[in-house]
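Student:
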Amino acid sequence: MVNEITRSSFEELLRQLIAVKSPYFHEDEVMDFVNEWLKERGVPAQIHTFFEPKETKFHGKNVIGIMDSGKPGPVIYLGGHLDTVQLCNGWTKPPYEGVIEGDDMYGVGALDMKSGCAAIMLTLAKFAEEHLKEGSFRGKLIYHLVSDEEGPYGLGTVYIINDKIHNIQEEADFAIIAEPSAGFTRVPHPCLCLGARGGYNYTIKVHGKSAHAATPELGINAMVDASAIVSELEKIPPEEDEKLGHSTPCVIRMNGGGAACSVPDYAEVEIFHHTVRGETQETIRKRVDKAIEAAKVRSKVEVVFRQSPAEGFDGGFDAYCIDEDGELLKKLEDTVFRVCGRPANKAYFQSIGDFNHIGGKLKIPTVLLGAEGENFHSSDERVDLKSALEVAHIISEFVSDVLSD
């Protein structure tokens, strides 16, 4: 077999992916590379293009494909993102060379999530060689490798959904997103994330009244009122969820004032609120209104949620959990045990990503499965190659078993 999944084939592909710089909004080169790599190995692949005209003016690309047996059967969705964060300071290893030390490979995106994309690509190549040519499978295998997951809106997946690419919202029975579940959660590999918290970004805008700093009583200090609102907001108990834990509002920016000798007449507080199931913009707004009332501020206050520039999205990420008794999840757990020789650890992801749109908005049963590693979004990012290779084998064997005639 040409397209076998081996340690050497995995290392070679991951090193090639790392070598292509692909910070979000700059993914054209990596998309073209992946598209050609897949086509050369007999995998149906094409570039999906989109344009976001309102906020970012971003012309984006995704690599997409489907292997359709033409027979009834399960529809499996594989997803990942090929973009990375921007290169940060502090690297002691070459960030784009895929240096290996022991079982670790270093590089920007090595863990998050070019290792997961490599696992998907090798799975697709092997499946195409084993099953596509002979038609020896049932159902469908759909994949999307997207751009801008690390960016502010997740536009790659948003436009996959809005453009109804492969109609996954109607067809997909089960999704695997190869995000580094073990690395993110620090739960030992093999780790299956069976859900994730969601989130909303909003800004509290506080309008006070200016006065001379020598006579502050003649003004309304917007900074003081903003601080009082935040203080009251932190007193409100979080929402609890038996699987996802609790909600977490976090102040990520606060600014206002700045005049040489004047009472600040305006202040802003930007908050990211990680949600659990059942929370919406409306429930969050009620929490903020409660804090404003308790703070007894004199300023005028407005609450503005960050909106998505894409139609049909409210700017948030839906929290979700999947049914732990689902048939396809049980098959995935069996595959994990067969490949790794031990049961899968189960966890729930505490932050947001494209998986919230797939598992939350579209309500497709969505599992995160990826490698161990360290320093994602930081210097000297590294992935554990042994666990990453096992992830590739797990995904490949699961897809083959579920879709085989």
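Counting with the numbering used here, you get residues 802 to 1206 for the letters of the sequence shown. Positions of the beta carbon are idealized from the N, C-alpha and C atoms, including for glycine. The structure presented is a predicted model; accordingly, all values stated were derived computationally and were not measured.
1. Buried or exposed: which applies to Leu942, given that a residue is buried once 16 or more other Cβ atoms fall within 10 Å of its Cβ?
2. Under the assumption that Phe859 contacts Leu956 (Cβ atoms under 8 Å), give the Cβ distance between them as a whole number of angstroms.
3. Using DSSP with H/G/I as helix, E/B as strand and the rest coil, what is Arg1183?
4. What residue from Gly952, Ile1165, Ser870 has the CA that sits closest to Ala973's CA?
5. Take every Cβ of the segment 964-979, pair it with every Cβ of the segment 899-909, and state whether three or more of those distances are shorter than 8 Å.
6. Quick one, are the C-beta atoms of Ser1188 and Lys927 less than 7 Å apart?
7. When DSSP labels each residue in this structure, what does Cys992 get in the three-state scheme?
8. For the alpha helix (DSSP H) that Asp1135 lies in, which residues bound it at each end?
9. If you follow the alpha helix (DSSP H) that Ala1148 is part of, which residue opens it and which one closes it?
10. Measuring CB atoms only, is the segment 812-831 touching the segment 928-936, in the sense that at least three cross pairs come out at less than 8 Å?
11. Give a yes or no on whether the C-beta atoms belonging to Arg987 and Gln1151 are separated by under 7 Å.
12. What residue range is occupied by the uninterrupted beta strand (DSSP E) comprising Arg1054?
13. Tell me, to the nearest whole angstrom, how far the beta carbon of Leu1019 is from that of Ala1012; I am working on the premise that it is less than 8 Å.
14. So, does the segment 1154-1174 touch the segment 1084-1100, judging by three or more C-beta pairs under 8 Å?
15. Between the beta-carbon of Ile1153 and the beta-carbon of Phe1118, is there less than 7 Å?
16. Which residues share a DSSP beta bridge with Lys1010?
17. If you draw a straight line from the C-alpha of Pro875 to the C-alpha of Ala1172, how long is it?
18. What is the rounded straight-line gap between the Cα of Phe1073 and the Cα of Val844?
19. What separation, rounded to the nearest whole angstrom, lies between the Cα atoms of Leu888 and Asp1155?
20. Considering Thr1084, what are the terminal residues of the alpha helix (DSSP H) in which it resides?
21. Within its chain, find whatever has a CB closer than 6 Å to the CB of Glu1041; leave out the 5 residues flanking it on each side and keep chain order.
22. Take Phe975 and list the residues in its own chain whose beta-carbon comes closer than 6 Å to its own, dropping the five residues that flank it on each side.
23. Measure the C-alpha to C-alpha separation of Lys872 and Leu879 and round it to an integer number of angstroms.
24. Do Gly1009 and Ala1023 have their CB atoms nearer than 7 Å?
25. Leaving out five residues on either side along the sequence, give the residues of the same chain with a beta carbon under 7 Å from the beta carbon of Val1031.
26. Flag this pair as yes or no: are the beta carbons of Ile977 and Leu1170 separated by less than 7 Å?
27. Could you tell me if Pro991 is buried or exposed, where buried requires 16 or more neighbouring beta carbons within 10 angstroms of its beta carbon?
28. My understanding is that His1178 touches Asp913, with C-beta atoms under 8 Å, so please give their C-beta distance in whole angstroms.
29. Three-state secondary structure (DSSP) at Tyr954?
30. Tell me the DSSP secondary structure of Gln817 in three-state form.
31. Below 8 Å, how does it come out for the segment 888-897 and the segment 826-838: are there three or more Cβ pairs, yes or no?
Tutor: Walking through what the data contain:
1. Leu942 should be labelled buried.
2. Between Phe859 and Leu956, the beta carbon gap of about 6 Å places them in contact (Cβ cut-off 8 Å).
3. Strand.
4. Checking every option, the nearest Cα to that of Ala973 belongs to Ile1165.
5. With the cut-off at 8 Å, the segment 964-979 and the segment 899-909 do not touch.
6. Cβ atoms of Ser1188 and Lys927: not closer than 7 Å.
7. When secondary structure is reduced to three states using DSSP, Cys992 falls in the strand class.
8. Under the DSSP assignment, Asp1135 falls in the alpha helix (DSSP H) whose first and last residues are 1128-1141.
9. Membership of Ala1148 in any alpha helix (DSSP H) is not indicated; the residue belongs instead to the beta strand (DSSP E) covering 1146-1150.
10. Contact fails: fewer than three Cβ-Cβ distances are below 8 Å.
11. For Arg987 and Gln1151, no; Cβs fall outside 7 Å.
12. Unbroken beta strand (DSSP E) run through Arg1054: 1049-1057.
13. At roughly 4 Å, the Cβ-Cβ gap stays under 8 Å, so Leu1019 and Ala1012 are in contact.
14. Segments in contact, no.
15. Yes. Within cutoff.
16. In the DSSP output, where bridge partners are listed per residue, Lys1010 has Ile1021.
17. Between Pro875 and Ala1172, the C-alpha separation is close to 26 Å.
18. Just so you know, the alpha carbons of Phe1073 and Val844 end up roughly 40 Å apart.
19. When rounded, the distance between both Cα atoms is 21 Å.
20. 1082-1096 is the span of the alpha helix (DSSP H), which, as asked, contains Thr1084.
21. Excluding five sequence positions before and after Glu1041, the CB atoms of its chain that fall closer than 6 Å to its own CB belong to His1047, given in chain order.
22. Non-local C-beta neighbours of Phe975 in its own chain, meaning closer than 6 Å and more than five positions away in sequence, comprise Ile877, Leu1129, Pro1166, ordered along the chain.
23. So the alpha carbons of these two residues sit roughly 19 Å apart.
24. Between Gly1009 and Ala1023, the C-beta gap is smaller than 7 Å, which places the two residues in contact.
25. Taken in chain order, the residues that qualify are Val1052, Val1070.
26. Annotated as proximal: Ile977 and Leu1170, with beta-carbon spacing under 7 Å.
27. Around the Cβ of Pro991, a 10 Å sphere holds 16 or more other Cβ atoms; the residue is buried.
28. The beta carbons of His1178 and Asp913 sit about 7 Å from each other, so the pair counts as a contact at 8 Å.
29. Judged by DSSP in its simplified three-state form, Tyr954 adopts coil rather than helix or strand.
30. Residue state, collapsed to three classes: helix.
31. Taking 8 Å as the limit for Cβ pairs, the verdict is that the segment 826-838 does not touch the segment 888-897.
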